[in-house]
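S.K.:
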Amino acid sequence: MLSQYLFFFLSFVAIVSALMVLLSKKPIHSVLYLTLTFFTLAGHYILLNAQFLAVVHIIVYAGAIMVLFLFTVMLLNLNIEGEFQKSTIMKFIAAIGGGMIFLVLIGTLKSFDVATVGNPELTQIGLVKNLGKTLYSDYLLPFELSSILFLSAMVGAVMLGKKDKQ
Amino acid sequence: MIIVLLLVLPLLASLILFTGKLGKHSREFALIVSLLEFGVALVAGYAFTFANHKILNLSLNLKQLLDIDIIINIDAVSLLMIMLTTLLVPVIIASNNNRKVRNHNFFGLILLMQMALIGVFTASEMILFYIFWELAMIPIFLITAIWGGQNRLKISVKFLIYTVVGSFAMLIAILYLYTLTPAPHSFSFDAFYHLKLPYSVQVPVFLAFFLAFAIKIPLFPFHSWQAETYNVSPVQGSMLLAGIMLKMGLYGIIRFILPICPDVVAGGSLIFLPLILFGVIYGAIIAIRQPKLKKMIAFVSLSHVGIIALGLLSNNHYGIEGAILQMFSHGVNVVGFFLCYQIIVIRTGTDIISDLGGIASAAPKFATLFLVVVLANVALPLTNSFVGEFLILLGLFQSNIYIAVIAGLTIILGAVYMLRMFQQVMYGPQTAVTTNFRDLTVREMLLFVPIIISIFLVGVYPSFVLQMLQTAVK
Amino acid sequence: MELISILLLVFPFLGFLIIGLLQKHMNRNVSGILGSAVICINLVLSAILFWHVSSSNQTVQTQLFDWVKFADISIPFAITVDRLSALMLMIINGVGLLIHIYSIGYMKEDEGVNRFFAYLNLFVFFMLTLVLSSNYLMLFIGWEGVGLCSYLLIGFWYKDHANNDAAKKAFIMNRIGDLGFLLGIFMLYSTFHSLNISEVLAKASVMPSGDMTLFFITLCLFIGATGKSAQIPLFTWLPDAMAGPTPVSALIHAATMVTAGIYLIARSSVLFVLSPVTMNIILVVGAATALIGGLVAIFQNDIKKILAYSTVSQLGFLFMALGLGSFSGAMFHLTTHAFFKALLFLAAGSVIHALSGEQDIRNMGGLRKKIPFTFALFIIGTIAISGIPPFAGFFSKEVILTAAFEHGLGMGIIATVISLMTTIYMFRLLFVVFFKPESKALKANHHVHESPKVMTYPMAVLAILSMIAGFVQLPKLFSETQGFDTFLLPVFAKATGLAAVSEHGLDVQTEWMIFLVPLLVIAALIVVSYKRFVNAKELTEASGFSKVLANKFYFDEIYDFCIVKPLGFISDIFREFVDQTIINGIVNGVGRGTLFVGKRLRRLQTGNVGFYLVIMVFSIIAILFFNIIL
Amino acid sequence: MGTTIAQIQTIPLQYYILFCSALFSIGVIGVLAKRNALVIFMSVELMLNSANLLLTAFSAYRNDPAGQIFVFFIMVVAAAEVAIGLALLVVVYRSTKTIDINALNRLKW
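In structure tokens:
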């Protein structure tokens, strides 16, 4: 039962803070609310016994990505308050779109059957040891490729960030 | 390892040519390489007939990384096609004496094309086949688009798009078949051959393959790129197209349609055979009044390859074997025809049939050689096309009498258009453009040597080819 | 013997190769001598073979190599010499030799003389292939090969498009027949799984008479024969083929090639005998051709055309004989016809030669005195072909007439009429050319000259043969032994054995009637035509029905209107309309449509990211929605 | 194993589906309604994360590590994407002095 309460609590916080991401006027507040959302999500991961993911999630998202966002906002002085608002009709369309996609997603996913197909011997799949085994045996090539992706992303970011010589 | 040599030699040579370091000697270099290649092909033929067959296939397993096996293999049909390719490419290279086109890139592209063609004829794995199949398009497209005549860009792009549409259909069929192979899935031909598809699956697969090959061959009504492309392409390009590249489509029919969709071929013959048949007659009838020589060759070719396709789809082993033999003969004949065409056009500057005439009295040697080529195209006995055409018609006759009878009409129509053309071009009084027609030089005569030899060799003693093919047909 | 039979093919081919390849460098006299020498050797070889098969009653079988061989099909290059082929060998090489020698003189002035002899040798090669082959496909090689040579030789003077047209026409019409032949071969193969002639005949001989398969096979073979042997409806090429040099007309278009059809049917006699319907068709077609050829011949004015139509008529007569089941009779007449028709052609050539190329008989006349030797030979030929005893034509025609009367009175009368027409046109020709007062044009012509000896001597030999060849087989009235029949008996024994009709011989009176009545009519006809043609001032322009005849029943025009024109029309329609407008239009239309749609759809790219996002989200919604409801 | 799965399954999978869909929809609304490129970017991250969570949930319920591996890769891609995306944003801001997406409409037909 504890986990259920925990679930409801985390979900509630996550949704509220996610809404606040949209509703707050200043970008910097959005960033902070988003960080809060990510922390709640990390809690969800732990609830799901995906400890490794939870850790990685915090490191990558809260640690790296959100810091990047913050840096951008602050360094470029982008923290400008709602100077560009969309028209109400656009907001209306957005609300309808969001609602519809919510319904459709529920409709699509609700019928999913979740019979256990994985290895029944395997317990605690969320641990580093088990995940690492899978990652380095079955998914070796994608793993290596993703490192290349990272490298190129790094190079690309540096290239883009350089000031033009003019 | 011969097989690797066959593929690597022209590739390397073409790369060397692309660097442009060879300058004026490009043609000589390309010619030497292509002759060497012919020599290698002969060795492969010797190995196939007498020695160890094992040197003729190569299998590399790259499953760890890409789930693709590289399998290359030579059987009788491949060998015949490789022979055709390696025999004709030197002729094509040597026949080029147009200064504008004498360019290292041009020869590089021809050799690259040769490599791709040999790849198509040897690949025993679908993805590999498909890569070579598409690779072969690139050089011919560039040759047409760069060195072609009027409107070259428009026409070559049309040609490219048209054939790619067909290839795409084939790709879908290949991928679909791949999913049907038993796990672990495989792209190898063997795996595809062992599929025993139900009829309802065979039909769409057949249609997809047939579309790809019908465009490539081309068969009526997918031929509208052909005459235009021949017309605009430099002669060497036309030779490559008509002599070898069209055979890719026919080869595809042998490799895929016959083993994978046997029931459609057996059962549905009344649906597509009449279509092809109509194309055969259609091409022949158009050729009768075609005013331009090069376009006429295109329609003649349309008619001839239609007959070959009929033979392949006749569902009869005589027909199939005759058709394979005829693929070889047609390549030789049509290249011979284009040689004659080139000589006429270079000497007179025109290929309008009615402007020509009286060449025979000015150039008797040329007249004789041209006559031999024409007669080979008419399928006179003791020339190469006769045996093939005889077997095709025999096969058709045994599977469907009516189609055989109508297809037989091409014997008559063939005589009509060929003799009309020959008479107008070679006989009669000389015209303004033909008065100073020079007879063949020794170099030009040499070009005809392989053509003439193969015309009579296959015409008089086809058994050696036929017996070699016999096992493959089964 | 096997070696000899191979050499028979080797020599003419070598001759062709040597003369053909060395054309440029060869002295113009050498080629003729070389060509003739080759045929002379061949004649000796054939004589040996002939003697061998006629004395030993064996056939010579030679296998060269496998031509088409794989799986269950095996068609070798193989030679069979039996009495029928031996007879043909003698005719081809004998007449061929004489014509070769004649050509040395006739073609002396021509610049392409070397080419001419090369072609002629090639022709002999293919003709020998035809008669020596032991299977139908190899026979077909020869069959097409002689067609090729015929094409080359008709169009020998290729600078004039009229000749080329004639050559083309000959080749194409032959091809139509060839298609029939080819289909026949397919059926033979499908039925008997062999193309070996003797095997096929053996297998066929156990089949019931009137079998449908056999009917179609024989019909197809007969269609092939109509092309090569110029029968209705494919006969119109033969008169046009006279555009070639005269020796060619004599050799190819009178003596040898055009008889290939008869040879084919005689060769396959068993098949034909078992298919009475085809026999009747042959009979009717032969008779019709003979009648039309004869009628048209009467109204022609070109010396060679007359002979050509005469050939058509005679070939029709031969087919009648085949249709009547008288195979050896047909072969007999074929042999004698080869002699006297070759003679007539060569003599006509001699006339033309003397007049430096003039062929219109209206411009001739009175040549009797100027070229007496040719005249004498021509007379011999005319008598022989008209069937006046004791020359060869009489005896061979007699056999056929007898067969016709045995078949029925009506057929007998038709055959007689046909043979009598020969008299009319031949004597018309003879009288107009040699007896009529000289025409004005001829008077102006100064150097009319007798042909050189190299031309006259071969003709003389042919003349002698035309006179004596008939004595090989005297009519039954005079002789018990039927020499020719006996000679060919081994070949046709099976066929005649299978022929169901019991041969009830004619009674003696009828035979005498057949023998005498025509003779009387011939005599009368000669007198009438003498009056009519020698004394008439000028040949009047034809009118009415005779105009139809003079224009050859408008066959050419009908073909032109029914086949050639529509084909050209369809070709233009296909090329201009179907190909360019419809098919290419569709293909280009697809491209143009794509461009058009692209031009319109481009407007959707507004550049507004928000708009894109809305579209994207709603598309995803739509996809998922359809995913649910489907 | 039974215990862990049983423990997890005290929360029905449907809850996760609902929750993730809601999160995702919020992301969608943010993408549609906002004009600030930075916030749009954040909304995208939100959507990615909702998908991640759902994948993990499925993975846990099915006891199949592949799902979590997948999440791991998505994170990798997301990190790369953020790096590039923000760099682009900076470049855009430098040249146009705004991050309003409506100002970026030069790229059209």
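So the protein lines, in turn, are chains A, B, C and D. Numbering of the first sequence is given in our numbering, commencing with residue 524 and proceeding in unit increments. Numbering of the second sequence is given in our numbering, commencing with residue 857 and proceeding in unit increments. Numbering of the third sequence is given in our numbering, commencing with residue 35 and proceeding in unit increments. Numbering of the fourth sequence is given in our numbering, commencing with residue 1441 and proceeding in unit increments. For every residue, glycine included, the Cβ atom is placed at its ideal position computed from N, Cα and C. All figures in this text were calculated on a predicted structure; none of them were measured in a lab.
(1) For a contact defined as C-beta to C-beta under 9 Å, what are the partners of MET677/A on chain D?
(2) Around the C-beta of PRO424/C, are 16 or more other C-beta atoms found within 10 angstroms, so that it is buried, or is it exposed?
(3) Using three-state DSSP, classify THR96/C as helix, strand or coil.
(4) Indicate whether GLY415/C and ALA497/C have their beta-carbon atoms separated by less than 9 Å.
(5) Name the residue from ASP194/C, TYR593/C, MET172/C and PHE150/C whose alpha carbon lies nearest to the alpha carbon of SER184/C.
(6) Keeping to the same chain, check which residues put their C-beta closer than 6 Å to that of LEU714/C; ignore five residues upstream and five downstream.
(7) Secondary structure at ASN1172/B, three-state DSSP: helix, strand or coil?
(8) What are the residues of the region 106 to 120 of chain C that lie near chain B, defined by any Cβ-Cβ distance shorter than 7 Å?
(9) So for LYS685/A, helix, strand or coil by DSSP?
(10) Quick check on TRP271/C: buried or exposed, where buried means 16 or more other Cβ atoms within 10 Å of its Cβ?
(11) According to the Cβ coordinates, are ALA120/C and LEU83/C closer than 9 Å?
(12) Cβ of ILE1541/D less than 9 Å from any chain C Cβ?
(13) Would you call the region 1459 to 1467 of chain D and the region 1487 to 1500 of chain D touching, i.e. three or more CB-CB distances under 8 Å?
(14) Quick one, which residues of the region 579 to 609 of chain C are near chain B if we go by CB-CB under 8 Å, in chain order?
(15) Any idea what DSSP makes of ILE113/C, helix, strand or coil?
(16) Flag VAL544/A as yes if its beta-carbon sits less than 9 Å from any beta-carbon of chain C, otherwise no.
(17) Short of 6 Å in beta carbon distance, which residues of its chain neighbour SER536/C, apart from the five on each side in sequence? Order them along the chain.
(18) Indicate whether LEU1296/B and ILE1199/B have their beta-carbon atoms separated by less than 9 Å.
(19) Using a Cβ-Cβ cut-off of less than 8 Å, list which residues of the region 550 to 578 of chain A approach chain D; keep chain order.
(20) Around the C-beta of HIS1160/B, are 16 or more other C-beta atoms found within 10 angstroms, so that it is buried, or is it exposed?
(21) Quick one: what's got a C-beta closer than 8 Å to TYR1034/B's C-beta in the same chain, skipping five residues either side?
(22) What does ILE73/C pair with, by DSSP beta-bridge criteria?
(23) For a test of the three-state rule: what should DSSP assign to SER1310/B, helix, strand or coil?
(24) Measure how close the beta-carbons of THR323/C and LEU341/C come, nearest whole angstrom, since I'm counting them as under 8 Å.
(25) Using 9 Å as the limit for Cβ to Cβ distance, is MET597/A near chain D?
(26) Exposed or buried, what is VAL860/B when buried is set at 16 or more other beta-carbons lying within 10 Å of its beta-carbon?
(27) When we look at the beta-carbon of TYR588/C and count the other beta-carbons within 10 Å, is it buried (16 or more) or exposed?
(28) Which of the three DSSP states, helix, strand or coil, is assigned to ALA105/C?
(29) Can you find the residues in the same chain that come closer than 7 Å, C-beta to C-beta, to ALA1332/B, ignoring five residues on each side of it along the sequence?
(30) Would TYR568/A pass as a contact of GLU1485/D if the rule is Cβ separation under 9 Å?
(31) Mind listing the chain C neighbours of ILE616/A? Cutoff is C-beta to C-beta under 7 Å, in chain order.
(32) Here's a check: name, in chain order, each residue in its chain whose Cβ is nearer than 6 Å to the Cβ of TYR136/C, leaving out the five neighbours to either side.
(33) May I have a chain-ordered list of the alpha helix (DSSP H) segments no shorter than 4 residues that lie completely inside the region 409 to 489 of chain C?
(34) So, with DSSP's three-state summary, where would you put ALA1039/B?
(35) If the cut-off is 8 Å on Cβ atoms, which residues from the region 621 to 633 of chain A count as contacting chain C, listed in chain order?
(36) Exposed or buried, which one is GLU1084/B when buried takes at least 16 other CB atoms within 10 Å?
M.R.: Reading off the structure:
(1) ALA1520 and ALA1523
(2) exposed
(3) strand
(4) yes
(5) PHE150/C
(6) In this structure chain C extends from 35 to 664, so residue 714/C is not present and cannot be described.
(7) coil
(8) ILE107
(9) coil
(10) buried
(11) yes
(12) yes
(13) yes
(14) LEU601, GLY602, ILE604, SER605, ASP606, PHE608 and ARG609
(15) strand
(16) no
(17) The predicted model places SER536/C with a pLDDT of 48, which falls under 50 and marks its position as unreliable; any figure quoted below should be read in that light. Excluding positions up to five away in sequence, the list is empty.
(18) yes
(19) PRO550, SER553, VAL554, LEU557, THR560, PHE561, LEU564, HIS567, TYR568, LEU570, LEU571, ASN572, ALA573, PHE575 and LEU576
(20) buried
(21) MET982, HIS1041, SER1042 and PHE1043
(22) Beta-bridge pairing links ILE73/C to no other residue.
(23) helix
(24) About 16 Å separates the two Cβ atoms, so there is no contact after all.
(25) no
(26) exposed
(27) exposed
(28) coil
(29) Because chain B is modelled from 857 through 1330, residue 1332/B falls outside the range shown and cannot be assessed.
(30) no
(31) VAL648
(32) PRO281, LEU380, MET489 and PRO492
(33) 426 to 441, 443 to 464 and 474 to 478
(34) coil
(35) MET623, ILE624, VAL627, LEU628, GLY630 and THR631
(36) buried
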